[in-house]
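Numbering (numbering that gives the first Met the number 0), first residue to last: 0 to 363.
For each residue, glycine too, the CB sits at the ideal point set by N, CA and C.
Remarks on the structure that follows.
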Amino acid sequence: MNSALLAADCISVRMGERVILNEVSLEVREGEFFSLLGPSGCGKTTLLRIIAGFSQPSSGRLMWQGKDVTRLSPQHRDLNLVFQNYALFPHLNVFENVAFGLRMQKQSEPVVQTRVREALALVRMESHALRRVTELSGGQQQRIALARAIAPRPRMVLLDEPLGALDLQLRKDMQWELKSLQRQLGMTFLYVTHDQEEAFAMSDRIAILSGGNIEQVSTPEILYSRPSTRFVAQFIGTANFIPVDKMSAHKARHLSSGLEFDICTSDERDSAGNFPLKGELLFRPEQLCLRKTASAATCLPVTIQMRQFLGAVVRYHVEIPGSKPGLLTIDHSSVGHDTFAPGESAYVELATANLCFFKEQSRR
């Protein structure tokens, strides 16, 4: 699980003056569920195509267990790809779609029969073996595409946003099934998505891309609680930023209220090597709590701007008078808490310890 099966080494892609990927380096470990996550146009699909062998980088290398495979053709790479549109063959039935890769490998008929049955059983589609793929629902077609990818037993399966065409509930069901299947098979899955909830639900580690650059590679927990850049902080979950001045490597102060906060160790200083630095503190919705009265020294007065009932939580958007940006997003359990109405005055209690600081210049 700890050894690198695949490594991108300073992969760059340029089209004229445009940089698609900028010296991207990362490692995918044997047996992990690894996701490439980022907004549209960030370069994640381009990187996937290079890994699959469909595209070549302008510079850099792709390593497979320490061997350079940058110029190796797709059919000679020990991996399979599940396309976004599934790319099933409409003239073949389910069995023959799944058998296609095995037949291309010239496997014997007993091997084909065994592996196709095993693959269909894993995705719970064995009873559909003789049906036409055009008779299947979107979720069923997704399972057949996955069965076709795993039947030849590759070391790695690449998945290019395969759940994008499914409805919300089916996507959530398939997330659980994909992760369960990956653990059962012990294969390495490399997953591309722009949906952070999807990536968080399944991944062991995630690489965040923006503008062709790797912003951060880590576990979902670290990406959420310790983002290394403001882009990652904003892209992952809901981010609230409160402007502060940094007093030391461990302290920051909200000037309008005088509140002081403990921050994660950061030795960044201004151009003269001194404090303070202007910047922002990151607060997640659960690090803020609405109160009817100022029950603690860490409370700030706010005005309720909007209330949204979201089922398990009620989301409030509140404004800190005289502070820019002044809107904060706060999530409260939908049961057991005071309720607030738009226009009402209230107080927000802020967490004060172990917060992430981003200096002003780091905003992109």
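From what residue to what residue does the alpha helix (DSSP H) around M173 run?
-> L167 to L184
DSSP three-state call for I143: helix, strand or coil?
-> helix
So what's I235 in DSSP terms, helix, strand or just coil?
-> coil
Alpha-carbon to alpha-carbon, S294 and S344 = 14 Å
If you compare alpha carbons, which of D172, R28, F260 and T44 is closest to M62?
-> R28
Out of curiosity, what's the CA-to-CA distance linking D330 and L309?
-> 10 Å
Compare the Cα-Cα distances from V312 to each of L299, T292 and C288 and report the closest residue.
-> C288
Is it right to say M0 is buried, meaning 16 or more other beta carbons lie within 10 angstroms of its own, or is it exposed?
-> For M0, the predicted model reports a pLDDT of 45, less than 50, meaning its position is unreliable; a value from the coordinates is still stated below. Label assigned to M0: exposed.
Could you work out which residue in H90, A6 and F188 is closest to V81 when comparing CA atoms only?
-> F188
Whole-angstrom C-beta distance between S34 and A198, which should lie under 8 Å | 4 Å
Can you tell me whether DSSP reads L222 as helix, strand or coil?
-> helix
Backbone CA spacing between T292 and Q83 [nearest angstrom] | 51 Å
8 Å Cβ shell around L87 - same chain, five flanking residues per side excluded = N96, V132, Q140, I143, A144 and R147
Are the Cβ atoms of E279 and V301 separated by less than 8 Å?
-> no
Any idea if T338 is buried or exposed, counting beta-carbon neighbours within 10 angstroms, 16 or more meaning buried?
-> exposed
8 Å Cβ cutoff met for S209 and G59 | no
Please state if the CB of Q181 and the CB of F32 are separated by a distance shorter than 8 Å.
-> yes
First and last residue of the alpha helix (DSSP H) that includes F53?
-> Counting along the chain, F53 falls outside any alpha helix (DSSP H), and DSSP gives it neither H nor E.
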